[in-house]
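Okay, structure first, notes after.
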Amino acid sequence: MLTPGSGRPTPSSPPVPAVLRLAQSVMLGRWRAMGEELYREMAALARARVGVELLVSGCKDGVTAVWMAARTGAAVTGIDPDAARIARAETRARAAAGVAPSYEVAPLDDLPHENNVFDAAIGEPSIAAARRPARAVAELARVTR
Numbered sequence: 032m033l034t035p036g037s038g039r040p041t042p043s044s045p046p047v048p049a050v051l052r053l054a055q056s057v058m059l060g061r062w063r064a065m066g067e068e069l070y071r072e073m074a075a076l077a078r079a080r081v082g083v084e085l086l087v088s089g090c091k092d093g094v095t096a097v098w099m100a101a102r103t104g105a106a107v108t109g110i111d112p113d114a115a116r117i118a119r120a121e122t123r124a125r126a127a128a129g130v131a132p133s134y135e136v137a138p139l140d141d142l143p144h145e146n147n148v149f150d151a152a153i154g155e156p157s158i159a160a161a162r163r164p165a166r167a168v169a170e171l172a173r174v175t176r
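Start counting the sequence shown at 32; every next residue gets the next number (this note's numbering).
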């Protein structure tokens with residue numbers, strides 16, 4: 032492809048559908064698990080257990096945070112920018128006997144924690160909807176040991 036009026040080639044990239052198919056094949060190749068199996072795999076990767084501080088960023092209604100706290104014994108903190116979602120997450124946690132994740136309303140791209148606070152972090156799919164997704168991922172790295 033030539034740059035209009037210059038006669039010089041322009042860098043080309045694959046069409047968007049091809050990139051999406053590539054990303055999908057990579058993700059499906061790695062994350063075939065769903066439901067309980069996916070949560071068990073995430074817990075294993077995070078080495079979640081008693082004594083581990085785990086952050087769930089973009090926790091929405093708290094499903095992952097409650098599952099991780101209940102099944103692994105890790106100290107779980109869920110963060111979401113939507114106060115209504117956090118309220119629902121807190122209700123979910125109260126309904127789950129013996130589970131005590133903590134929740135915070137905060138922007139995903141500006142986490143209210145010092146550096147190196149958590150042993151592991153899980154970025155829920157909603158992290159892609161953050162105002163600045165790349166910054167949200169950088170924040171996860173910053174607060175994780």
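A virtual CB, placed ideally from N, CA and C, is assigned to each residue, including glycine.
### Message
What ranges does the beta strand (DSSP E) occupy inside the stretch 102–152, keeping only unbroken runs of at least 3 residues that lie completely in it?
### Response
If you keep only unbroken beta strand (DSSP E) runs of at least 3 residues inside the stretch 102–152, you get 106–111, 133–136.
### Query
In angstroms, rounded to a whole number, what distance separates the CA positions of Y70 and M99?
Numbered from 1 along the sequence shown, position 39 holds the residue referred to as residue 70. Numbered from 1 along the sequence shown, position 68 holds the residue referred to as residue 99. Taking C-alpha positions only, Y70 is separated from M99 by approximately 8 Å.
### Task
Could you tell me whether the stretch 94–112 touches the stretch 76–86, where touching means 3 or more Cβ pairs closer than 8 Å?
Yes, the stretch 94–112 touches the stretch 76–86.
### Query
Applying the criterion that 16 or more other CB atoms from any shown protein chain within 10 Å of the CB defines a buried residue, is R116 buried or exposed?
On the sequence shown, position 85 is the one that residue 116 refers to. With 16 or more other CB atoms across the displayed protein chains lying within 10 angstroms of its CB, R116 is buried.
### Message
Suppose contacts are defined by Cβ-Cβ distances below 8 Å. Is G109 in contact with G154 by that definition?
### Response
Position 78 of the sequence shown, counting from 1, holds the residue named residue 109. Position 123 of the sequence shown, counting from 1, holds the residue named residue 154. Taking 8 Å as the cut-off, the beta carbon of G109 is found no closer than this to the beta carbon of G154.
### Query
CA-CA distance, A161 and N146?
To locate residue 161, count along the sequence shown from 1; it is residue 130. To locate residue 146, count along the sequence shown from 1; it is residue 115. So the two alpha carbons sit approximately 20 Å from each other.
### Task
Kindly indicate which three-state DSSP category G93 falls into: helix, strand or coil?
Working through the sequence shown from its first residue, we reach residue 93 at position 62. Coil.
#### Entry: Pairwise C-alpha distance: T95 and E67
Taking the sequence shown and counting its residues from 1, the one referred to as residue 67 is at position 36. Taking the sequence shown and counting its residues from 1, the one referred to as residue 95 is at position 64. Their backbone Cα atoms lie some 10 Å apart in a straight line.
### Task
On a CA-only basis, which of A169, V87, A74 is nearest D141? Give me that one, please.
Within the sequence shown, numbered from 1, the residue matching residue 141 stands at position 110. Measuring from the Cα of D141, the nearest candidate turns out to be A169.
#### Entry: DSSP three-state assignment for G177, whether helix, strand or coil
Lying outside 32 to 176, the shown extent of the chain, residue 177 is not represented and no answer is given.
### Query
Between the beta-carbon of F149 and the beta-carbon of R176, is there less than 8 Å?
Indexing the sequence shown from 1 puts residue 149 at position 118. Indexing the sequence shown from 1 puts residue 176 at position 145. In contact: F149 and R176 (Cβ atoms closer than 8 Å).
### Task
Starting from E67, trace the alpha helix (DSSP H) both ways and give me its first and last residue.
By 1-based counting over the sequence shown, the position of residue 67 is 36. Residues 66–77.
### Query
Across which residues does DSSP place S88 in a beta bridge pair?
Here residue 88 refers to the residue found at position 57 of the sequence shown. I110, G154.
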